[in-house]
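Structure first, then comments.
Protein chains in written order, with my numbering: chain X, 118 to 507; chain B, 4 to 162.
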């Protein structure tokens with residue numbers, strides 16, 4: 118058998134990740150400051166960890182319902198109602214997933230037939246395209262630009278709709294740009310979805326991490342609950358990345374379809390994480406606010422610092438990323454990231470990793486200590502000075 | 004504006020410029036607020052939290068429960084003042100419960116602390132009795148854990 122034939126065409130069609138080579142480089146280096154991480158630098162708050170430990174002590178080591186623990190779904194239903202005015206039936210309209218990553222995969226596989234198109238803003242999170250391909254769908258990027266603060270426009274979405282378009286995917290607050298959608302534009306997108314009878318997958322995992330603006334949850338807009346698959350989770354807000362707990366909220370028919378896949382591929386999310394997530398929902402509100410206040414200070418330092426050293430940066434209002442333009446250096450985003458790492462030992466993620474429109478930018482995460490941010494900015498300043506093209 | 008002081012309380016070395024950037028408050032206002040606070044003793048002083056164990060410094064700390072008789076007109080304040088004026092007393096609190104004043108005392112050895120209690124504190128006229136607890140180990144100080152905490156490493160590059 119030829120080696121090429123060992124792997125399915127579908128998997129071969131997925132291009133390798135642009136950041137893989139950075140893993141190898143990083144492994145051989147010391148004294149690197151990383152702005153390339155994609156997770157909080159806080160440890161999960163102690164009361165949440167303690168709830169996980171307690172669940173182990175009590176012997177909660179079993180499977181749960183495919184849908185997830187009912188108590189967690191009930192808490193979640195209360196939470197979504199209180200926070201966004203959303204009404205989801207915990208029995209049939211909520212599913213606990215293994216992180217939002219699984220949620221994206223389940224949503225795609227549940228709704229896409231071969232050849233169905235899905236419209237996704239570019240840049241966007243790295244898993245959207247591979248999950249589309251694995252589900253047999255066709256990924257249609259919708260460009261966004263720094264001039265619009267990387268917010269996707271309803272008219273740009275509508276222009277790309279074809280008879281094969283099945284859904285729109287929105288990932289806001291956005292990874293990698295930190296952009297947050299305005300309510301007015303979301304209303305327009307909702308109208309487009311309704312006019313063309315499209316579903317919307319709304320990945321809102323960074324919903325709690327917004328600074329000075331309000332996050333609008335898409336299904337809370339009139340007429341949108343029934344056509345939205347809301348995906349979110351505990352990783353970012355509660356610093357619980359390693360627990361792998363996310364959730365999907367949608368109409369009964371869609372959740373049932375997602376559970377059909379989930380039960381055969383994952384069975385259920387880990388029970389310890391689910392028990393900890395119940396505690397997070399019950400008591401974690403203040404801790405989230407404290408973490409957000411801390412991120413906000415770092416965000417301001419980083420945005421100011423990047424602009425000061427000549428890497429133009431719009432003010433991101435969400436998540437924990439900045440997405441400065443590196444045009445002043447004349448380097449491609451991959452070259453910039455590689456040279457910055459090798460020459461000045463700062464790790465960032467090339468914008469091209471997140472789509473073609475990410476080219477000309479790098480993603481810098483500010484979920485790291487202020488001291489490290491300040492040192493990284495100093496190193497980047499030296500780097501930019503040496504590489505300024507004009 | 005309280006945010007300015009929260010930042011300084013966490014790290015007194017933050018400059019007004021950094022604080023202005025972190026909070027979005029104009030630099031001139033931050034400077035003015037700090038200056039005013041320094042003047043009216045809102046900011047009492049800037050200090051460093053040192054783990055003396057690491058420097059091999061022998062220090063003996065004691066928590067002393069003090070039961071006192073409150074005095075007419077001044078309540079506990081007069082006796083509290085008598086006590087807090089001693090430089091050995093690091094902190095003095097009025098507390099509810101089975102005793103009245105909680106006093107923290109530091110000395111270079113147990114004898115020094117005991118001498119302070121026996122010769123200065125206990126003989127005070129309004130003091131009815133004292134209970135001295137010597138500190139055996141400090142785990143957490145001012146919100147900081149003193150031991151080395153193991154922090155798991157995050158994956159340095161993750162999309």
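No residue lacks a Cβ here, since even glycine has one placed at the ideal position from N, Cα and C.
C-beta contact flag for residue i and residue j at 7 Å
| i | j | result |
| --- | --- | --- |
| residue 417(X) | residue 18(B) | no |
| residue 300(X) | residue 333(X) | yes |
| residue 431(X) | residue 478(X) | no |
| residue 286(X) | residue 217(X) | no |
| residue 471(X) | residue 240(X) | yes |
| residue 290(X) | residue 436(X) | yes |
| residue 92(B) | residue 108(B) | yes |
| residue 260(X) | residue 474(X) | yes |
| residue 116(B) | residue 83(B) | no |
| residue 429(X) | residue 506(X) | no |
| residue 63(B) | residue 100(B) | no |
| residue 413(X) | residue 328(X) | yes |
| residue 322(X) | residue 342(X) | no |
With 16 other Cβ atoms within 10 Å as the buried cut-off, status of residue i
| i | result |
| --- | --- |
| residue 468(X) | buried |
| residue 351(X) | buried |
| residue 264(X) | exposed |
| residue 180(X) | exposed |
| residue 112(B) | exposed |
| residue 274(X) | buried |
| residue 190(X) | buried |
| residue 94(B) | exposed |
| residue 120(B) | buried |
| residue 131(X) | exposed |
| residue 22(B) | buried |
Spatial neighbours of residue i in its chain, beta-carbon cut-off 6 Å, leaving aside the 5 residues before and after
| i | result |
| --- | --- |
| residue 305(X) | 271 |
| residue 109(X) | This structure gives no information on residue 109(X), because the portion of chain X shown stretches from 118 to 507. |
| residue 220(X) | 214, 348, 363, 365 |
| residue 4(B) | 36 |
| residue 267(X) | 261, 294, 296 |
| residue 269(X) | 238, 259, 261 |
Nearest-angstrom beta carbon gap, residue j and residue i [assumed within contact, 8 Å]
| i | j | result |
| --- | --- | --- |
| residue 465(X) | residue 152(X) | 5 Å |
| residue 415(X) | residue 487(X) | 6 Å |
| residue 148(X) | residue 484(X) | Wrong, their Cβ atoms sit about 20 Å apart, outside the cutoff. |
| residue 203(X) | residue 336(X) | 6 Å |
| residue 373(X) | residue 164(X) | That belief does not hold up - the Cβ atoms of residue 373(X) and residue 164(X) are roughly 34 Å apart, past 8 Å. |
| residue 169(X) | residue 393(X) | 4 Å |
| residue 457(X) | residue 497(X) | 7 Å |
| residue 154(X) | residue 158(B) | 7 Å |
| residue 388(X) | residue 177(X) | 5 Å |
| residue 61(X) | residue 207(X) | Residue 61(X) is absent from the model: chain X starts at 118 and stops at 507. |
| residue 86(B) | residue 133(B) | Incorrect: roughly 11 Å between the Cβ atoms, too far for contact. |
| residue 361(X) | residue 390(X) | 6 Å |
| residue 10(B) | residue 139(X) | At roughly 33 Å, the Cβ-Cβ gap does not stay under 8 Å, so residue 10(B) and residue 139(X) are not in contact. |
| residue 401(X) | residue 162(X) | 6 Å |
| residue 210(X) | residue 427(X) | With 8 Å as the limit, residue 210(X) and residue 427(X) do not qualify as a contact, their Cβ atoms being about 49 Å apart. |
Nonlocal neighbours in the same chain, by C-beta distance under 7 Å from residue i, ignoring five residues either side
| i | result |
| --- | --- |
| residue 54(B) | 149 |
| residue 303(X) | 333, 335, 338 |
| residue 97(B) | 79, 83, 103, 104 |
| residue 279(X) | 234 |
| residue 49(B) | 15 |
| residue 223(X) | 214, 365, 375, 378, 379 |
| residue 504(X) | 446, 448 |
Residue i - containing beta strand (DSSP E), residue span
| i | result |
| --- | --- |
| residue 114(X) | With chain X running from 118 to 507 in the structure shown, residue 114(X) is simply not present. |
| residue 133(B) | 130-137 |
| residue 364(X) | 363-366 |
| residue 349(X) | 345-350 |
| residue 250(X) | From DSSP, residue 250(X) is part of no beta strand (DSSP E) but of the alpha helix (DSSP H) over 245-251. |
| residue 260(X) | 255-260 |
| residue 332(X) | Per DSSP, residue 332(X) belongs to no beta strand (DSSP E) and is neither H nor E. |
| residue 472(X) | From DSSP, residue 472(X) is part of no beta strand (DSSP E); its letter is neither H nor E. |
Span of the alpha helix (DSSP H), counted from its first residue to its last, around residue i
| i | result |
| --- | --- |
| residue 68(B) | It is not in any alpha helix (DSSP H) - residue 68(B) instead sits in the beta strand (DSSP E) that spans 63-71. |
| residue 89(B) | Unbroken run through residue 89(B): none, as it is neither H nor E. |
| residue 431(X) | Note, residue 431(X): premise wrong, no alpha helix (DSSP H); not H, not E. |
| residue 306(X) | 300-312 |
| residue 188(X) | 187-201 |
| residue 400(X) | 388-400 |
| residue 36(B) | 30-42 |
| residue 1(B) | Shown here, chain B extends from 4 to 162; a query on residue 1(B) therefore has no answer. |
| residue 170(X) | 163-174 |
| residue 452(X) | 450-461 |
Cβ neighbours of residue i in the same chain (closer than 8 Å, five flanking residues each side left out)
| i | result |
| --- | --- |
| residue 249(X) | 225, 229, 235, 237, 255, 256 |
| residue 399(X) | 192 |
| residue 308(X) | 271 |
| residue 253(X) | 127, 229, 230, 231, 232, 233 |
**Report entry** Chain-ordered residues of the stretch 493-507 of chain X with a beta carbon less than 9 Å from chain D
**Finding:** Annotation note: the requested chain D is absent from the structure, which comprises protein chains X and B.
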